[in-house]
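Peer 1: Once you've had a glance at the structure underneath, I'll fire off some questions.
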Amino acid sequence: MACRQRPGVGVGVVVTSRAHPGCVLLGRRKGAVGGGTFQLPGGHLEFGESLAECAERETLEETALHLTNVRFASTVNALSVKDNYHYVTILMKGEVDFNYESEPRNLEPDKNESWKWVKWEEFPLGDQLFWALRSLKEQGYNPFKEDLSHLVGYTGSHLYMEKENAL
Numbered sequence: 000m001a002c003r004q005r006p007g008v009g010v011g012v013v014v015t016s017r018a019h020p021g022c023v024l025l026g027r028r029k030g031a032v033g034g035g036t037f038q039l040p041g042g043h044l045e046f047g048e049s050l051a052e053c054a055e056r057e058t059l060e061e062t063a064l065h066l067t068n069v070r071f072a073s074t075v076n077a078l079s080v081k082d083n084y085h086y087v088t089i090l091m092k093g094e095v096d097f098n099y100e101s102e103p104r105n106l107e108p109d110k111n112e113s114w115k116w117v118k119w120e121e122f123p124l125g126d127q128l129f130w131a132l133r134s135l136k137e138q139g140y141n142p143f144k145e146d147l148s149h150l151v152g153y154t155g156s157h158l159y160m161e162k163e164n165a166l
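Laid out in structure tokens, this is it:
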């Protein structure tokens, strides 16, 4: 059996915009890991970086959007044994800063097909979401409420993980 590494630490960003009420920015992944699934902007937390700095940097690098009012939204433990994928992802929330360009551009076309504003309540089904986003939806998170009630009783285990990893 291959030696497993420790989980990675990622930061995902729930981006909202007053120009798109009720919507969140959503992209579709390219590549071997999670290819074809929908994702939020985000990436690896760099050494010495705050969570807010990471959220701002990753969103700017991937979408050309500047953020304001960046704050904690949630945390998830995303695991896929068959894909050798295990990340603890901290989800941050931020609004588009209208002092800059307010519509996304796809700055990493080798990693992402495009960015679109999608109504939170009309998101694709869970099996079409990349693991961190799927976990966030399973928690019952609502980006348009400013509370953390979705974390009450959260154990870091998700239904898809239990089903997949039992096989």
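Start counting the sequence shown at 0; every next residue gets the next number (numbering that gives the first Met the number 0). We treat Cβ as the ideally placed atom computed from N, Cα and C, and that holds for glycine.
Spell out a yes or no on whether the segment 30 to 39 and the segment 61 to 69 are touching, meaning 3 or more CB-CB pairs, one atom from each, closer than 8 Å.
Peer 2: no
Peer 1: Work out the CA separation of V32 and M0 for me, nearest whole Å.
Peer 2: Its pLDDT being 37, under 50, M0 is placed unreliably by the model, and nothing is read from it.
Peer 1: What three-state label does DSSP hand R94 in the structure shown?
Peer 2: Per the sequence shown, the amino acid found at residue 94 is Glu instead of Arg. E94 falls in the strand class under three-state DSSP.
Peer 1: Which same chain residues, not among the five before or five after G9, have their C-beta less than 8 Å away from its C-beta?
Peer 2: G41, G42, H43, L44, Y86, V87, T88, I89 and A131
Peer 1: On the three-state DSSP scale, how would you describe G41?
Peer 2: Correct three-state label for G41: strand.
Peer 1: Below 8 Å on the Cβ atoms is my guess for K92 versus P142; work out the distance and round it to an integer in Å.
Peer 2: Confirmed, Cβ separation roughly 6 Å.
Peer 1: Could you work out which residue in V23, A72 and P6 is closest to P103 when comparing CA atoms only?
Peer 2: V23
Peer 1: Which runs of the alpha helix (DSSP H) fall wholly inside the segment 121 to 159 and span at least 4 residues, in chain order?
Peer 2: 130 to 138
Peer 1: Taking the straight line between their C-alpha atoms, what separation do you get for V151 and K144?
Peer 2: Approximately 15 Å, taken between the alpha carbons.
Peer 1: Which parts of the segment 46 to 87 are runs of the beta strand (DSSP E), unbroken and 3 residues or longer, counting only runs that do not cross its ends?
Peer 2: 66 to 79
Peer 1: Quick one: what's N105 bridged to in DSSP?
Peer 2: Paired residue(s): none; N105 is not in a bridge.
Peer 1: For the beta strand (DSSP E) holding S113, just list the boundary residues, first then last.
Peer 2: N111 to K118
Peer 1: For Y140, which residues of its own chain have a beta-carbon under 6 Å away from its beta-carbon, when the five flanking residues on both sides are left out?
Peer 2: Here the set comprises S73 and H149.
Peer 1: Can you grab the Cα-Cα spacing for the pair V117 / D96, in whole Å?
Peer 2: Roughly 18 Å separates the two Cα atoms.
Peer 1: T15 lies in the beta strand (DSSP E); which residues open and close that run?
Peer 2: Counting along the chain, T15 sits inside the beta strand (DSSP E) bounded by residues G7 to T15.
Peer 1: CA-CA distance, L147 and G11?
Peer 2: 16 Å
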